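I have placed the structure first, in the form of structure tokens, so that the comments after it can refer back to it.
In the working numbering, the protein residues as written are 2 to 328.
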């Protein structure tokens with residue numbers, strides 16, 4: 002069976018995924034779990050449902066997965082999602098060593114090193130994407146997307162915006178690219194464009210949880226009651242996802258509902274005890290309640306995990322500042 006036929010075989014499962022029919026995508030790819038590509042789609046589908054263990058097991062059950070750069074890299078992504086940071090770094094390094102031309106491994110390793118303060122090595126890994134893009138006559142959606150993500154860490158935000166725009170134009174069905182674009186708008190406080198982008202995603206895939214979180218975030222300043230309604234629905238349907246627990250906890254902190262926020266933070270930390278975002282929320286809660294010793298204890302733990310994680314203090318400050326939303 003040729004490559005074109007193989008790609009066509011996967012297109013039905015990919016369509017299920019892109020439209021948010023994750024259980025159908027899982028059933029499809031479970032019947033085609035004889036290649037690294039199909040296993041990655043299977044793993045992605047499980048992760049969208051918050052089934053992190055099943056997402057990992059899909060890879061572990063594949064023979065010789067440790068010899069496949071895409072599968073090792075995917076294990077790194079899942080380890081990162083679960084805040085198993087040393088494992089994630091090891092997987093990214095191994096994937097890059099297995100195949101230095103596999104771009105996702107290069108990007109993930111570069112971003113990880115940047116987040117951990119290894120800026121020079123990270124810059125070299127990420128600058129590669131800008132150079133490759135310039136040398137490529139007709140960059141495809143994948144290269145546009147990867148280069149955009151690298152540009153964010155290189156502080157080339159306008160370039161990132163333009164690259165995301167091209168990536169979406171070339172591959173409009175992949176809503177994950179649009180979510181990353183929307184998150185860039187949030188990062189640059191362009192809430193109107195973020196709102197438009199996340200709304201477009203949800204028209205295509207109503208089950209895109211990351212876009213739903215983005216929609217809630219884009220509404221915080223002008224319509225916080227909408228954000229709250231979105232969060233309550235997310236908790237009803239997707240309380241097993243770490244990003245849902247963390248975002249909901251952040252919103253309840255802003256409301257001053259410390260009991261609800263504490264419960265959500267504890268649930269997140271039960272799933273991922275070293276999750277830096279969850280620990281930051283725990284520190285913010287301690288500040289809210291003027292438990293300064295507790296705040297310092299959490300700060301020490303965060304800095305033991307990642308000494309370069311200055312966002313602990315900035316995010317704690319932002320969390321305090323958002324209390325006015327619900328006054």
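Where a beta carbon is used, it is the ideal one built from N, C-alpha and C, also for glycine.
Remember, it's a predicted structure, so these values are computed and weren't measured experimentally.
Contact with chain C by residue 173, beta-carbon distance below 8 angstroms: Reference to chain C is not applicable here, since this structure consists of a single protein chain.
Three or more C-beta pairs below 8 angstroms linking the segment 239-249 and the segment 270-284: Yes: the two stretches touch, three or more of their Cβ pairs being nearer than 8 angstroms.
Residue 25 versus residue 11 - alpha carbon distance: As the crow flies, the alpha-carbon of residue 25 is around 13 angstroms from that of residue 11.
Inter-residue Cα distance where the pair is residue 140 and residue 159: If I take the Cα positions, the gap works out to 18 angstroms.
Beta-carbon proximity check, residue 51 vs residue 242, cutoff 8 angstroms: In contact: residue 51 and residue 242 (Cβ atoms closer than 8 angstroms).
Backbone secondary structure at residue 170 - three-state DSSP: Of the three classes helix, strand and coil, the one that applies to residue 170 here is helix, per DSSP.
Cα-Cα separation, residue 66 to residue 222: Within the model, the alpha-carbon separation for residue 66 versus residue 222 is close to 45 angstroms.
Residue range of the alpha helix (DSSP H) that includes residue 79: 70-82 is the extent of the alpha helix (DSSP H) around residue 79.
Which listed residue (208, 210, 63, 176) has its alpha carbon closest to that of residue 330: Residue 330 falls outside the range modelled here, since the chain spans only 2 to 328, and no answer is possible.
Check whether residue 303 and residue 310 have beta carbons under 8 angstroms apart: Taking 8 angstroms as the Cβ cut-off, residue 303 and residue 310 qualify as a contacting pair.
Three-state secondary structure assigned by DSSP to residue 23: DSSP places residue 23 in helix when its eight states are reduced to three.
For residue 36, the nearest candidate out of 91, 47, 257, 70 (CA to CA): Of 91, 47, 257, 70, the smallest CA-CA separation from residue 36 is found for 70.
Where residue 224 falls, given that 16 or more other Cβ within 10 Å makes a residue buried: When all chains shown are included, residue 224 counts as exposed.
C-alpha gap between residue 207 and residue 180, whole angstroms: The straight-line gap separating the alpha-carbon atoms of residue 207 and residue 180 is approximately 13 angstroms.
Cβ distance (whole Å) where residue 331 is taken to contact residue 109 below 8 angstroms: Since the first and last residues shown for the chain are 2 and 328, residue 331 lies out of range.
As assigned by DSSP and simplified to three states, the class of residue 289: Residue 289 falls in the helix class under three-state DSSP.
Residue 189 to residue 41 span [Cα, whole Å]: If you take the alpha carbons of residue 189 and residue 41, they lie about 31 angstroms apart.
Which of helix, strand or coil DSSP assigns to residue 102: Residue 102: coil per DSSP, three-state reduction.
Helix, strand or coil at residue 4 [DSSP, three-state]: For residue 4, the predicted structure reports a pLDDT of 37, less than 50, and the residue's modelled location is therefore unreliable. A value from the coordinates is still provided. Three-state result, residue 4: helix.
Residue burial classification, residue 57 (beta-carbon count within 10 angstroms, cutoff 16): The Cβ neighbour count for residue 57, taken over all protein chains shown within 10 Å, is at least 16; the residue is labelled buried.
Cβ shell of residue 93 (< 7 angstroms), same chain only, five flanking positions each side left out: In its chain, beyond the 5 residues on either side, 74, 77, 106, 109, 110, 113 have a beta carbon closer than 7 angstroms to the beta carbon of residue 93.
C-alpha distance - residue 269 paired with residue 68, whole-angstrom precision: Approximately 32 angstroms, taken between the alpha carbons.
Spatial distance of residue 385 from residue 191 (CA atoms): Here the chain has residues from 2 to 328 only, and residue 385 is not among them.
Alpha carbon of residue 13 to alpha carbon of residue 99, nearest angstrom: Rounded to the nearest whole angstrom, the C-alpha separation of residue 13 and residue 99 is 30 angstroms.
Runs of alpha helix (DSSP H) wholly within the segment 245-285 (minimum 4 residues, chain order): Within the segment 245-285, complete alpha helix (DSSP H) segments of at least 4 residues are found at 259-272, given in chain order.
Member of 104, 126, 34, 290 whose CA lies at the smallest distance from the CA of residue 62: The residue with the shortest Cα to Cα distance from residue 62 is 34.
DSSP three-state assignment for residue 61, whether helix, strand or coil: Here residue 61 sits in helix by DSSP.
Residue nearest to residue 19 in terms of C-alpha spacing, selected from 229, 172, 163, 301: Closest by alpha carbon: 172.
Reduced DSSP category for residue 209 - H, G, I as helix; E, B as strand; rest coil: Residue 209: coil per DSSP, three-state reduction.
Segments of 4+ residues assigned as alpha helix (DSSP H) that fall wholly inside the segment 124-206: Complete alpha helix (DSSP H) runs here, min 4: 142-154, 158-171, 176-188, 192-205.
Secondary structure of residue 308, DSSP reduced to three states: Three-state DSSP puts residue 308 in coil, outside helix and strand.
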